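Shown next, in structure tokens, is the structure this report addresses.
Residue numbers (this note's numbering): 992 to 1463.
Right, here's the structure in full:
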């Protein structure tokens, strides 16, 4: 079948799934293909490179081409990523060469016509705005932005945000462009922030180390449901009043200074944290992105272990992902019996000189029997091994786990995991097994298990992590 003989709406859906560069190659094949594929090529544009200077000449060529037929070409622009390397001369040997303000002026002219732009990401935002202060006006005037990312931002970037004509739904700000001697971003009046606050549903804030994140407590962002914080905090109290309808909280921090005043959100559903935090109230899904057996000197076990146990007791999660030691597993078994899906990540080897199946086998025999009284529906374990594990061995391990936990219906393994960071835990994929229990089964033998296909396992995994809390 000829691609171009399909309904135009279908062709656009297909084109949306391919890379812009592939769309460009298709556009070169014939006039009919050009008419449908060239807009896709123009829809996502990256200016510059993360570290290699592309130079202002190339940027000016792009802007000139777009402005040559602005009524058609610029209107196709949907996503734009800007690196400062697009404005740096390619022949300069200095690592901090001056940015080309003339090239920035060309880009500002393009943005005046980019009324259909939905997503913008600017790296080194503060430096760009310092080089050309006038650049803030075309940015602030963009009418239909939905996703905004300002990286290495400072006070100039904040001034752009509060002047926005758009009402974005997702906002990410990296505040590392603020002066190091500034204690907090400058405050803004509620009236100035109203346009920015109106439709925002997701916010991500990050700072340089030692900088306190602060949002004035008098501002209420009613639609924000997802909030990510990268940086150490004095307290979570302010955020409880600022984001009253929060459903998902992600915290990458080494500590929350005020651990004595628990915070609660009535609709909080999913929490991911890299340190114990003072929460109070039920949380359906909890991810503890740290290992109590691998703590730095600045993170005393005598503080983190009680903080972790208190967090689990007060939130009573249904789906729990963690890297537990014996103390935490016993706490789950005796106190946190709300858990139905337990995802375990094992970093410390049992047999340091033999990172094979024996390591996982020993771990399961030492730890899983502790959970026999917990009414788990699913149990997963992830552990990076240097040796491949035969399918027959995985079935044996799954059967053993099912024998220890009478309520278990699913067991998942990922024994090839090699994470660079704990933030990758939630993307872990598993080999899944369904437990087959029968009333006539011999109690002295382990239950039979059946391996699921990758598709079946993916469906089961998605359903399990969405397990709802049931009234007991």
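Where a beta carbon is used, it is the ideal one built from N, C-alpha and C, also for glycine.
Please read these numbers as outputs of a predicted model, since none were measured by experiment.
Quiz item: Roughly how many angstroms lie between the CA atoms of residue 1211 and residue 1263, to the nearest whole one?
Solution: Taking the first residue of the chain shown as 1, we reach residue 1211 at position 220. Taking the first residue of the chain shown as 1, we reach residue 1263 at position 272. Taking the straight line from one Cα to the other gives about 23 angstroms.
Quiz item: DSSP puts residue 1405 in a beta bridge; with which residues?
Solution: Along the chain shown, one-based indexing puts residue 1405 at 414. Per DSSP, 1373.
Quiz item: Would you say residue 1228 and residue 1248 are within 8 angstroms of each other, going by their C-beta atoms?
Solution: Residue 1228 sits at position 237 when you count from the first residue of the chain shown. Residue 1248 sits at position 257 when you count from the first residue of the chain shown. The Cβ atoms of residue 1228 and residue 1248 do not sit closer than 8 angstroms to each other.
Practice problem: Mind checking who residue 1422 pairs with in its DSSP beta bridge? | Solution: Here residue 1422 corresponds to residue number 431 of the chain shown, with the count starting at 1. For residue 1422, which the question treats as bridged, DSSP gives the partners 1404.
Practice problem: For residue 970, name the three-state secondary structure that DSSP assigns. | Solution: Residue 970 falls outside the range modelled here, since the chain spans only 992 to 1463, and no answer is possible.
Quiz item: Could you give the distance in angstroms between the alpha-carbon of residue 1103 and the alpha-carbon of residue 1008?
Solution: Mapped onto the chain shown, residue 1103 falls at position 112. Mapped onto the chain shown, residue 1008 falls at position 17. Just so you know, the alpha carbons of residue 1103 and residue 1008 end up roughly 28 angstroms apart.
Quiz item: For residue 1204, which of helix, strand or coil comes out of DSSP?
Solution: Translated into positions along the chain shown, residue 1204 becomes position 213. Note that residue 1204 has pLDDT 48, beneath the 50 cutoff, so the model's placement of it is unreliable and the number below is only indicative. Three-state DSSP puts residue 1204 in coil, outside helix and strand.
Exercise. Could you tell me which of 1239, 1246 and 1270 sits nearest to residue 1261, measuring between CA atoms?
Key: Your numbering for residue 1261 matches position 270 in the chain shown. With distances taken between Cα atoms, residue 1261 lies closest to 1239.
Practice problem: Check whether the Cβ atoms of residue 1071 and residue 1108 lie closer than 8 angstroms to each other. | Solution: Within the chain shown, numbered from 1, the residue matching residue 1071 stands at position 80. Within the chain shown, numbered from 1, the residue matching residue 1108 stands at position 117. Contact flag set, yes.
Self-check item: Cβ shell of residue 1081 (< 6 angstroms), same chain only, five flanking positions each side left out
Solution: Counted from its first residue, the chain shown places residue 1081 at position 90. Closer than 6 angstroms at the Cβ level, and outside the excluded window around residue 1081, lie 1044 and 1046.
Practice problem: Buried or exposed for residue 1334, please, with buried defined as at least 16 other CB atoms from any protein chain shown within 10 angstroms of its CB. | Solution: Looking up residue 1334 in the chain shown gives position 343. Under this definition residue 1334 is a buried residue.
Self-check item: Same chain only: Cβ atoms within 6 angstroms of residue 1381, ignoring 5 sequence neighbours per side
Solution: Taking the chain shown and counting its residues from 1, one reaches residue 1381 at position 390. Answer for residue 1381: no residue qualifies.
Exercise. Indicate the three-state DSSP secondary structure (helix, strand or coil) for residue 1294 in the structure shown.
Key: As a working note, residue 1294 is residue 303 in the chain shown. For residue 1294, the three-state secondary structure derived from DSSP is helix.
Self-check item: Close Cβ partners of residue 1245 (< 7 angstroms) along its chain, the five nearest in sequence each way excluded
Solution: As a first step, residue 1245 is located in the chain shown; it is residue number 254 there, counting from the start. Within the same chain, residue 1245 has close Cβ partners 1223, 1266, 1289 and 1290.
Quiz item: In three-state terms, what does DSSP make of residue 1281?
Solution: Within the chain shown, numbered from 1, the residue matching residue 1281 stands at position 290. Three-state result, residue 1281: strand.
Quiz item: With contact counted as at least three CB pairs below 8 angstroms, one residue from each stretch, are the region 1422 to 1430 and the region 1387 to 1406 in contact?
Solution: yes
Quiz prompt | Residue closest to residue 1221, alpha-carbon to alpha-carbon, out of 1190, 1314, 1191 and 1164 | solution = Within the chain shown, the letter at position 230 stands for residue 1221. When each option's Cα is compared against that of residue 1221, the closest is 1164.
Practice problem: May I ask you to report which of helix, strand or coil DSSP gives residue 1022? | Solution: One-based indexing of the chain shown puts residue 1022 at position 31. Residue 1022 falls in the helix class under three-state DSSP.
Quiz item: Who are the Cβ neighbours of residue 1317 in its own chain at under 6 angstroms, not counting the five residues just before and after it?
Solution: One-based indexing of the chain shown puts residue 1317 at position 326. Within the same chain, and ignoring the five residues on either side of residue 1317 in sequence, no residue has its Cβ closer than 6 angstroms to its Cβ.
Quiz prompt | Beta-carbon proximity list for residue 1119, same chain, < 8 angstroms, skipping 5 on both sides | solution = Translated into the one-based positions of the chain shown, residue 1119 becomes position 128. Around residue 1119: 1073, 1075, 1078, 1090, 1095, 1113 and 1126.
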